[in-house]
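Engineer: Counting in full-length UniProt numbering, the sequence shown runs from 1 upward without gaps. Note that CB positions come from ideal geometry on N, CA and C, so glycine has one too. It should be emphasised that the depicted structure is a prediction, and the values quoted were computed from it without experimental measurement. One structure, as C-alpha cells, below. Some questions next.
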Amino acid sequence: MDDHPTETAALLQRPSPPSKSNLTFTPSQKRLIILAASLASAFSPLSSNIYYPALNSLASDLNVTPSQINLTITTYMICQSLSPTLTATLSDTSGRRPAYILCFTLYIVSNISLAFCKTYPSLLALRALQSTGISGTVALSAAVAADIITPDERGKYMGFTSLGNILAPSLGPILGGALSESRFGWRGIFWFLALSGGVVLLGLVGWFPETKADATRQRAEAIAEEEQEGGAGGKKWRHILAFPNPFNSLRMLFHLPTGLILLSNGLVFASYYAVTAGIPTQSKRIYGLSDMGIGLVFLPAGLGSLLSAVFNGVVVDWNYRRKANQFLQRVTNMSDNSDTDTNRQEFPTERARLQIGAPMTFLCSLAILAYGFTLDLHPPLFVSLILIILISFSVTASYNVMNVLLVDLYYSTPATVMAANNFVRCFLGAASTALVAPMIERFNNGKTYAFVSGIIGGICCPILGIVYSNAVKWRSCRGTIISEPR
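This is the structure:
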C-alpha cells in the first residue's frame, strides 16, 4: 500500500461560511433529504433480491437452465461493484442531482425493457444495464449525508442512509414472490420497479436539492464564463462534464489506512451474505418452511438493522463528541508556542470511531459462531431468529461505523470512497454467496460458520487494531489534518 494522503479539513477551524451546504438546511430538511437518499439507495439491493422468487419461472419461460439464469445474478453483481466507480466520480465533479437523474433514467429504461424481454441474451444484457444504472445510488446516499451533516451527527444520519440498503434484501424476496404470483407473472416485478423508480425520479427532479455546494458554485462560474466567451463552452464546463474516471475510486484500495478499512468492511459484510445466503436452504431443511415462510425469516434481519441504525448511531455520535471535547480541552490548555498544525493532526478520529466499531465487529464474529453451531443442533425456530437479529445488528453497526470513518477521511469526495467501499463489498459478497452452500454441504453449518467467524475475528479485528494504533501516526508523518470535531 502506498502512503497517499487522505483528504482532510482544518481541525479547530472557524465556522464555515454560509455557502457551505451543511449550514443551508434546517434539521427537518436534513431529515427529509436523508430519507430521500435512503429510499433511492434501496433500489439497488431491492432489484437484486426481488428477482429471486421468479428465477424458476424465468428459466421455464425462456427455455434455459437454472445455471444460465443464475448468470444474470452474477452479471448484476459484477456491474453492481463496478458502476458506482463511474457514478461517484461524476457526482463529486458535477453534483449529486445530475448523478441521481442519470442513474434513475437508465434504471427506468432498463426495467421497461425487461418487462418486454423475450430472449435470454436480452435478459442478460438488460440486467447488466439495470445494475449499471441503479447501483451508484448506494454511494450517492452516503455522499449526500456527508454534504449536509456535521461530523458529530454522522453516526446517526449515515446509519439511516444505509437502512434502505440493509432492509431491501429482507423485504425484496417477499415482495418479489407476491408480484411473481400476480396475473402479470415475473414481468410484474419489472413493471413495479419501473413505476416506483419513475415516482422517485419525479421527486428528485422536482424537489431534491443539490447538496454539494461546490457543484452549485462551479456551475454558476461555468455559466458566467460561457456568457463572457459568447456562448462557447469554457474550461469549467469541460471540467464539470468530463467523463468520470473509475480509477479515482480503485486507487483508494492502496491508500493507508483506507485500504485496511475497506478490506475489513468488505469481509464483515461478506459474512452477512454468507448467513443470508444459507437461510433459504437451512430453513426448509431444518424447519420445513414454505417459500413464504422462508421469506418471513428475513424480517428479523431487517429488524436487527433498524435497531442498529437507531441505537448505534446515537452511541457513535456521543463517543465522537466525548473525544472531541477531550481533545479540544487539551489543545486549549497547551502553550501558545505549541505547533497548532501538529496538535490538529493528532485528533484521534479513527479511535473515536473504532472504539464503537471494533467491539461490534467482534460481537458479529461471536454471533455468527453461535448461529452456525446451534443450527446443527436443530434448535427451536425462535433461537435462530434471535441470533439472526443479533448478527444483523452487529454487522450493520460495524459496517455503518466504518462508513462514517471513511467519510471522515474523504469528506470532500465521499461518493468516490463509498464507491471503492461498494466495489470491495460486492466482490467479497459475491464470493461469499457462491462458496457458502458448497461448504455447508461438504462440512456442516457449525464448521462453515466457524470459518466465517474466524475470518472476522482473526483478520478484521486485528486489522482494526492496527488502524487504531497507527492511523494518527501515519497521518502525522504525511502532515495531513483530519476533519474538524464539532
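Under DSSP, the alpha helix (DSSP H) around N400 begins and ends at which residues?
Structural biologist: 381 to 409
Engineer: If I follow the unbroken alpha helix (DSSP H) through E153, where does it start and stop?
Structural biologist: No alpha helix (DSSP H) contains E153, which DSSP labels as neither H nor E.
Engineer: Using 10 angstroms around the beta-carbon of T26, count the other beta-carbons present and answer buried if the total reaches 16, otherwise exposed.
Structural biologist: exposed
Engineer: How do the region 303 to 317 and the region 454 to 469 stand: do at least 3 beta-carbon pairs fall below 8 Å, yes or no?
Structural biologist: no
Engineer: Out of L71, P53, A143, S83, state which residue places its alpha-carbon closest to the alpha-carbon of I413.
Structural biologist: Looking at the sequence provided, one finds Thr at residue 413 rather than Ile. When only C-alpha atoms are compared, the closest one is A143.
Engineer: Just how far apart, CA to CA, sit I261 and P121?
Structural biologist: 38 Å
Engineer: What would DSSP say about T24, mapped onto helix, strand or coil?
Structural biologist: Assigned with DSSP and collapsed to three states, T24 falls in coil, not helix or strand.
Engineer: Closest to F43 by C-alpha separation, out of R183, I134, V315, would be which residue?
Structural biologist: I134
Engineer: Does the beta-carbon of I459 have 16 or more other beta-carbons within 10 angstroms, so that it is buried, or is it exposed?
Structural biologist: exposed
Engineer: Verify whether the separation of the beta carbon atoms of A40 and V200 is less than 8 Å.
Structural biologist: yes
Engineer: Restricting to runs no shorter than 3 residues, where is the beta strand (DSSP E) found entirely within the region 291 to 376?
Structural biologist: none
Engineer: Along the alpha helix (DSSP H) that carries K447, what are the first and last residues, could you check?
Structural biologist: 445 to 455 is the span of the alpha helix (DSSP H), which, as asked, contains K447.
Engineer: Helix, strand or coil: how does DSSP classify E441 here?
Structural biologist: In the structure shown, E441 sits in a helix (DSSP, three-state: H, G or I).
Engineer: Sorted by chain position, which residues of the same chain lie with C-beta nearer than 7 Å to S170's C-beta, five sequence neighbours on each side aside?
Structural biologist: F298, L299, A301, G302
Engineer: Under the three-state reduction of DSSP, which class applies to C460: helix, strand or coil?
Structural biologist: helix
Engineer: Quick one, are the C-beta atoms of A146 and V436 less than 8 Å apart?
Structural biologist: no
Engineer: Closer than 6 Å by C-beta to L62: which residues in its own chain qualify, once you throw out the five before and the five after it? Chain order, please.
Structural biologist: Y120
Engineer: Going by CA-CA distance only, name the one from Q80, T211, G159 that's closest to T137.
Structural biologist: Q80
Engineer: How many Å lie between I174 and Q329 at the Cα?
Structural biologist: Answer to the nearest angstrom: the Cα atoms are 52 Å apart.
Engineer: May I have the straight-line CA-CA distance separating R475 from E350, to the nearest angstrom?
Structural biologist: 11 Å
Engineer: DSSP on L289, reduced to helix/strand/coil?
Structural biologist: coil
Engineer: Who are the Cβ neighbours of T132 in its own chain at under 7 Å, not counting the five residues just before and after it?
Structural biologist: The answer, listed in chain order, is C79, S83, L106.
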